[in-house]
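Chemist: Numbering (this note's numbering), first residue to last: 99 to 398. By construction, the Cβ of each residue, glycine as well, lies at the ideal position given by its N, Cα and C atoms. Here the structure is a predicted model, which is why all the values come from computation and not from measurement.
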Ligand SMILES: [Ca+2]
Ligand SMILES: [Ca+2]
Ligand SMILES: [Ca+2]
């Protein structure tokens, strides 16, 4: 009986080690971070039936389910596994007309909560230092919203760099419709890299929506054109946002591996669901580690 038990424990330890190694490979590099859902498997879901934006912190990660309204849903779960077991699942149900659903997941600098939603109260760096953004997105073919829509990615900005003045807050939005265009792929993950030549449209910033920043007659200007404008010279980055809605109608999909590069510093977040071991498994692991310790000592 005794040797058999030892074998089983050792196999358990190897399994734990293997899982740990896989985790390291999935995150890749010091800048990669795994962002876990609140609670264990199969993940979490934040929703709000009302029409006023509401949010919820994703642990202490700096990420927030935010701007959720009219039964939009944001959560990290195992519905669409990517780079591990999970991703950020984003769902809208109501619309496209009327009080339609919206749901975002956002990384915000020094966020503070106000009336149930979250707002940045800090800066991640100068807008001029932003060289790229990237993310993976997924559109389930069950979605009935416009076929060119997918989770959008935005950089959130404060135009004059003065956080005390908030009327100049807003963002630049990446959507395929204003870049490659056309019907987006469904039931498959798409990796999007946003750089100097990617076309972005703005909301807010005290400029009005879809502002023509270089005055050439079209509002969908590239990241490089936005950064070349004197109006944007003092702009700072408040955070990053990936989301769905409003005005979409039924959509189900996801996002994962959301990242950006500011002043040559890259950051990427992989949304995952923690497989919280049951107490019995933990006790077994503890025993096996103690056993390994004894074994090592005996060899020496
Ligand atoms: Ca993931
Ligand atoms: Ca300001
Ligand atoms: Ca333009």
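If you count every other CB in all the chains shown that lies within 10 Å of the CB of residue 363, and 16 or more means buried, which is it?
Modeler: exposed
Chemist: Leaving out the 5 sequence neighbours to the left and right, which residues in its chain are closer than 7 Å to residue 141 when beta-carbon positions are compared?
Modeler: 135, 173, 174, 175, 176, 184 and 371
Chemist: So, do the stretch 278-286 and the stretch 209-226 have three or more beta carbon pairs nearer to each other than 8 Å?
Modeler: no
Chemist: By how many angstroms is the C-alpha of residue 326 removed from the C-alpha of residue 65?
Modeler: It is not possible to answer for residue 65, since the shown part of the chain is limited to 99 through 398.
Chemist: Is it buried or exposed, residue 181, if we count other Cβ atoms within 10 angstroms and call 16 or more buried?
Modeler: buried
Chemist: Would you kindly check if the distance between the Cβ of residue 198 and the Cβ of residue 341 is under 8 Å?
Modeler: no
Chemist: Is residue 369 a contact residue of ligand 1, with contact defined as CB to any heavy atom under 7 Å?
Modeler: yes
Chemist: Which first and last residues belong to the alpha helix (DSSP H) in which residue 321 is found?
Modeler: 321-326 is the span of the alpha helix (DSSP H), which, as asked, contains residue 321.
Chemist: Quickly, what does DSSP pair residue 231 with across the bridge? List them, please.
Modeler: 292 and 358
Chemist: CB of residue 261 to nearest heavy atom of ligand 2: below 7 Å?
Modeler: yes
Chemist: So does residue 180 have its beta carbon nearer than 7 Å to some heavy atom of ligand 1?
Modeler: Within the cutoff, so yes.
Chemist: Considering only C-alpha positions, which residue in the set 304, 187, 268 and 202 is nearest to residue 166?
Modeler: 202
Chemist: Give me the Cα-Cα distance between residue 229 and residue 194, rounded to the nearest whole angstrom.
Modeler: 34 Å
Chemist: Under three-state DSSP, which class holds residue 309?
Modeler: coil
Chemist: DSSP three-state call for residue 318: helix, strand or coil?
Modeler: coil
Chemist: Any heavy atom of ligand 2 closer than 7 Å to the CB of residue 257?
Modeler: yes
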